[in-house]
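The opening position of the sequence shown corresponds to residue 34 in our numbering, with each subsequent residue numbered one higher.
Glycine included, C-beta positions come from ideal geometry on N, C-alpha and C.
Single-structure report; data block below.
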Amino acid sequence: MEISEILPFIAGIASFLVAGGLVAWISKQPAGTKEMLDISNAVKEGASAFLKREMKIIVPVAIALTLIIGIFLTPSNGIAFAVGAALSAVAGIISLKITVKAAVRAANLSGTGLGQTFAMAFRGGATVGLAVPAMALLAITGLYLIYPDPITIAGVGIGASLIALFIRIGGGIFTKAADMGADLVGKVEANIPEDDPRNPATIADNVGDNVGDAAGMGSDVYESYIVTILAALLIAALIGAPNFFLYPILIGSSGMIASIIGVVIVGSKNITDVMKPLNRSFYVSAAIAIGLNYVFITQFIGDSMASYALFGSTVIGVILVPVIQKITDTYTSYKKGPVQEIADSAKWGYASLTLMGIIKGMQSTGPFMIALVVAIIISYSVASAAAPEGADPILYGIFGTALTAMAMLSLAGIVLSIDAFGPIADNAGGIVEMTGMGEENRKVTDEIDAVGNTTKAVTKGFAIASAALAALAMIQAFQFEASHVFEGALDYSLTNPAVVVGLLIGGLIPFIITGQLINGVSRAAGKMVDEVRRQFKADSGILTGKSKPDYAKCVDIATVASIKELYKPALVAIIAPIILGVLLGPTAVAGLLMGSLVTGILLAYHLANTGGAWDNAKKLVEMKGEKGSDVHKVAVVGDIIGDPYKDTAGPALNTVIKLLNTIAIVFVSAFVAIIAL
């Protein structure tokens, strides 16, 4: 093996070693009192119980699909599917275990001030941030070196997307059912604080933060990484230039090395503004990634106009990350105008707050889409203009866009590190509240939690943008693969009714799935509300603090309800492209993929930002000292409405889009067009 083939393994292993060192450091820190550990163990047991039940459903489905893909398509795709699915589940489990371990220790450190508490939360998040992308990089590199034709390992994308969708949907419904149940009865009806130990749903709420925000995001980023690098490899194979094949994997290596450095430079001293060390860490990582991408393409790929143009595409991808972060931060941070306007609108009631949140969420899609369009135009133009003589400039342009997406995802390590500390801070705040540690401790965790809300929203924007760019490359790869399978030029123009039908169906799918998910959260939350009310009514001693609520019952209700709601959205995403392809052929599927991309990306970003803005509007009201006021109750309801927006439907849609694309590529040979239009 050459050094360029060994380098991804070195980067991945180094990332695991640093993550292991962080785990060792976290484990050495004191976990706090017995009461704190009891709460932490209850959260851990509840989250583990949820994942075990979910795996009882997922594992048989994954085994069946492995056999179907391996027998009826290609054995290599069956193996790749199994690898993608298994590691997606592992990504979720790693994320879950680390965040639970770090949260109780962050709560214990909250009495020492902001610096130590932040360091614990960040290092817990960094463990997830370094381990999850490392798994993805090692998996795709190993599969590619064994099976050099990327179309024969496209099943890895289906495996990663399907399991991520299950964990995202299940975790998202669980966390928001628990959160809404706890807030509607506890904060709105009983007027008790958030995370109050008297609330029967509070443990379920803390469990939900882990299974939704931690396990869900871990699987989501892993899946995004896999699908993005797969898209770039597919386009590289179509170009037929062997010297470019390894560049997408090398971009992943550069981002991995850069993320390691970005993580280790974050300390705990002189922390007065949590965002400053986070921003510094990201920008250092981004600069290092750009430098390494240049070194790798000049040393391992070649010295040509095409090489420099493709490097330019990676620079655009790295730059796009802070641009998307800035746009998302503008519309979701409590320090910025849009959230402040939403918080002010709470003075005029529920309707005003709801409308203002929806307005700002819709407005946020404008600059977001402009940023994507500019990145696509520049990366495509630069790469296509530098195509070697005799090569297809269209393919080179598409490859440039795919590398832009890969450069974005290469920074997943540092982005996920910044994101994952959010649920740790949230859980730490819950433990502080439930154990009565004091107002000063709660102020520390609240400050970190408020920043965590913004970084979680930023990461969702990052995942959505990368999904859009990766999906564009996957759609092009699908079209070329379909032309190869069916041996001829296919009509993808709007004069073809099959394409138009596909566009309309594809555009509809994100709305159907969003409706299913929010409806699922609503039904599950209704059951949680009924249970919390039942406990308050059956035992008046709960609200006075004389009796202990039945936490386990609420965890069980959220678990059963979330798993019951898993099937419908997943079935729509899996079956829609297959049925349409069999009936109307590959041109209809191409239309479906494009339609779902256009509506899905904008809808996902709108949902994520609207929910994030409502959440931070509530935080802003609380920071102004208005807890318990009528304005605060209005803001709480806005946050409750936004929960399924930002933590269930929004994040699930980018996974749905990528799942549709990988399903289409793997099953393309079955799209025989029974009905000829």
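- Item | First through last residue of the alpha helix (DSSP H) which encompasses VAL477 | Residue 477 sits at position 444 when you count from the first residue of the sequence shown. Where VAL477 is concerned, the enclosing alpha helix (DSSP H) stretches over 472-518.
- Rounded C-beta distance between MET389 and ILE375? I'm assuming under 8 Å. Mapped onto the sequence shown, residue 389 falls at position 356. Mapped onto the sequence shown, residue 375 falls at position 342. About 5 Å; that satisfies the 8 Å criterion.
- Message: Tell me whether the region 258-271 and the region 202-222 touch, counting them as touching only if at least three CB pairs, one residue from each stretch, are closer than 8 Å.
- Response: no
- Task: Could you have a look at GLU35 and say whether DSSP puts it in helix, strand or coil?
- Result: Position 2 of the sequence shown holds residue 35. Three-state result, GLU35: coil.
- Under 6 Å Cβ to Cβ from ILE102, same chain only, skipping five residues before and after it: list those, please. The residue you call residue 102 lines up with position 69 of the sequence shown. Within the same chain, ILE102 has close Cβ partners ASN110, GLY111, PHE114 and GLY188.
- Task: In angstroms with no decimal places, state the Cα-to-Cα distance between GLU68 and ILE96.
- Result: The count along the sequence shown starts at 1 and reaches residue 68 at position 35. The count along the sequence shown starts at 1 and reaches residue 96 at position 63. So the two alpha carbons sit approximately 41 Å from each other.
- By DSSP, does VAL705 sit in helix, in strand, or in coil? What you label residue 705 is simply residue 672 of the sequence shown in a count that begins at 1. Coil at VAL705, not helix or strand.
- Do you know how far the Cα of ILE546 is from the Cα of SER257? As a working note, residue 257 is residue 224 in the sequence shown. As a working note, residue 546 is residue 513 in the sequence shown. When rounded, the distance between both Cα atoms is 19 Å.
- Measuring CB to CB, does VAL218 end up less than 8 Å from ALA172? As a first step, residue 218 must be located in the sequence shown, where it is residue number 185. As a first step, residue 172 must be located in the sequence shown, where it is residue number 139. Not closer than 8 Å, so no.
- Item | DSSP-derived helix/strand/coil call for ASN303 | Position 270 of the sequence shown, counted from the start, is the residue given in the question as residue 303. Here ASN303 sits in coil by DSSP.
- Task: Would you mind listing the beta strand (DSSP E) stretches within the region 511-584 that are 3+ residues and don't spill past its ends, in chain order?
- Result: none
- Message: Restricting to Cα atoms, I'd like to know which of ILE538, GLY446, VAL94 and PRO400 is closest to ALA47.
- Response: For the purposes of this step, residue 47 is taken as the residue at position 14 of the sequence shown. With distances taken between Cα atoms, ALA47 lies closest to GLY446.
- Skipping 5 residues on each side, what residues in its chain have a beta carbon closer than 8 Å to that of ASP182? Counting from 1 along the sequence shown, the entry for residue 182 is found at position 149. Cβ within range, chain order: ALA270.
- On the three-pair Cβ rule with 8 Å, is the region 642-651 touching the region 661-675? yes
- Message: With the cut-off set at 8 Å, would you say ALA342 and SER318 are in Cβ contact?
- Response: Sequence index remark: in the sequence shown, residue 342 carries index 309 (1-based). Sequence index remark: in the sequence shown, residue 318 carries index 285 (1-based). Their beta carbons are not under 8 Å apart, which means ALA342 does not touch SER318 by this criterion.
- Item | Residue interval of the alpha helix (DSSP H) (run including LYS657) | To locate residue 657, count along the sequence shown from 1; it is residue 624. Counting along the chain, LYS657 falls outside any alpha helix (DSSP H), and DSSP gives it neither H nor E.
- Is DSSP giving ASP228 helix, strand or coil here? For the purposes of this step, residue 228 is taken as the residue at position 195 of the sequence shown. It is coil, neither helix nor strand.
- Could you check which residue in THR132, MET289, ASP242 and VAL415 has the C-alpha nearest to that of ASP680? For the purposes of this step, residue 680 is taken as the residue at position 647 of the sequence shown. Among THR132, MET289, ASP242 and VAL415, the Cα nearest to that of ASP680 belongs to ASP242.
- How is SER337 classed by DSSP in three states: helix, strand or coil? Position 304 of the sequence shown, counting from 1, holds the residue named residue 337. Three-state DSSP puts SER337 in coil, outside helix and strand.
- Exposed or buried, which one is ARG313 when buried takes at least 16 other CB atoms within 10 Å? The residue labelled residue 313 in the question sits at position 280 within the sequence shown. So ARG313 ends up on the exposed side.
- Distance, Cα to Cα, ASN687 vs SER580? By 1-based counting over the sequence shown, the position of residue 687 is 654. By 1-based counting over the sequence shown, the position of residue 580 is 547. Looking at the two C-alpha atoms, the distance is approximately 44 Å.
- Message: Could you compute how far the alpha carbon of GLY162 sits from the alpha carbon of SER573?
- Response: Taking the first residue of the sequence shown as position 1, residue 162 is located at position 129. Taking the first residue of the sequence shown as position 1, residue 573 is located at position 540. Approximately 44 Å between the Cα atoms of the pair.
- Task: Pick helix, strand or coil for LYS77, following the three-state DSSP scheme.
- Result: The sequence position of residue 77 within the sequence shown is 44, counting from 1. Correct three-state label for LYS77: helix.
- Alpha-carbon spacing of ILE184 relative to LEU613, whole angstroms: As a working note, residue 184 is residue 151 in the sequence shown. As a working note, residue 613 is residue 580 in the sequence shown. Going from the Cα of ILE184 to the Cα of LEU613 covers about 21 Å.
- Cβ atoms of GLY535 and VAL622: under 8 Å apart, would you say? Here residue 622 corresponds to residue number 589 of the sequence shown, with the count starting at 1. Here residue 535 corresponds to residue number 502 of the sequence shown, with the count starting at 1. Against a cut-off of 8 Å, the Cβ pair of GLY535 and VAL622 comes out as a contact.
- Taking the C-alpha atoms as reference points, what is the distance between LEU106 and VAL689? Within the sequence shown, residue 106 is the residue found at index 73, counting from 1. Within the sequence shown, residue 689 is the residue found at index 656, counting from 1. When rounded, the distance between both Cα atoms is 22 Å.
- Tell me, to the nearest whole angstrom, how far the beta carbon of ILE698 is from that of GLU514; I am working on the premise that it is less than 8 Å. As a position in the sequence shown, residue 698 is number 665, starting the count at 1. As a position in the sequence shown, residue 514 is number 481, starting the count at 1. Yes, ILE698 and GLU514 are in contact; Cβ-Cβ is about 6 Å, under 8 Å.
- Query: Got a sec? Which residues, its chain only, sit under 7 Å from VAL518 by beta carbon, not counting five neighbours each side?
  - Reply: The residue given as residue 518 occupies position 485 in the sequence shown. Within the same chain, VAL518 has close Cβ partners VAL701 and SER702.
- Task: Pull up the CB-CB distance for SER450 and GLY158, whole angstroms please, since I reckon it's below 8 Å.
- Result: For this step, residue 450 is matched to residue 417 along the sequence shown. For this step, residue 158 is matched to residue 125 along the sequence shown. Between GLY158 and SER450 the Cβ distance is about 5 Å, and since that is below 8 Å, they are a contact.
- Short Cβ contact (8 Å threshold) for TYR364 with VAL667: Residue numbering aside, residue 364 sits at position 331 when the sequence shown is read from its first letter. Residue numbering aside, residue 667 sits at position 634 when the sequence shown is read from its first letter. Going by C-beta atoms, TYR364 is not nearer than 8 Å to VAL667.
- Please list, in chain order, all residues of the same chain as ASP229 whose beta carbon is under 8 Å from its beta carbon, the five residues on each side excluded. For this step, residue 229 is matched to residue 196 along the sequence shown. Around ASP229: GLY219, THR235, GLU466 and MET467.
- Query: Between which two residues does the alpha helix (DSSP H) containing GLY214 stretch?
  - Reply: Here residue 214 is taken as the residue at index 181 of the sequence shown, counted from 1. First-last of the alpha helix (DSSP H) with GLY214: 188-215.
- Query: Going by the CB atoms, is the gap between ASP362 and THR487 shorter than 8 Å?
  - Reply: Along the sequence shown, read from residue 1 onward, the residue named residue 487 stands at position 454. Along the sequence shown, read from residue 1 onward, the residue named residue 362 stands at position 329. A contact, by the Cβ cut-off of 8 Å.
- Query: Taking all protein chains shown into account, do 16 or more other C-beta atoms lie within 10 angstroms of the C-beta of GLY285, making it buried, or fewer, making it exposed?
  - Reply: Translated into the one-based positions of the sequence shown, residue 285 becomes position 252. Under this definition GLY285 is a buried residue.
- Message: For ALA193, count the other beta carbons within 10 Å of its own beta carbon; 16 or more makes it buried, fewer makes it exposed. Which is it?
- Response: Along the sequence shown, read from residue 1 onward, the residue named residue 193 stands at position 160. Result: buried.
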